[in-house]
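Worksheet: the structure to be examined is printed underneath.
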């Protein structure tokens, strides 16, 4: 099995797949959360500590 996590400014994506054969994957789980880590970044250019509390 292999999992990949993508943490973006607004969403967190996780995909877990089983390796069936070389080059062939079967998706086991596909999950997403809207974390809005980037809220307020435009004004401050910094991800605020309160955003990390939403993780």
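In this note's numbering, the protein residues as written are 4 to 58.
Ideal Cβ placement from N, Cα and C applies to all residues, glycine included.
query, result
"According to DSSP, residues forming a beta bridge with residue 29", "21"
"Span of the alpha helix (DSSP H) around residue 56", "No alpha helix (DSSP H) contains residue 56, which DSSP labels as neither H nor E."
"Buried versus exposed, by CB contacts within 10 Å (16 or more), residue 16", "exposed"
"Cβ separation of residue 12 and residue 43, assumed to be a contact under 8 angstroms, to the nearest whole Å", "In fact, because the Cβ distance is near 11 angstroms, the residues do not count as touching under 8 angstroms."
"C-beta contact flag for residue 27 and residue 20 at 7 angstroms", "no"
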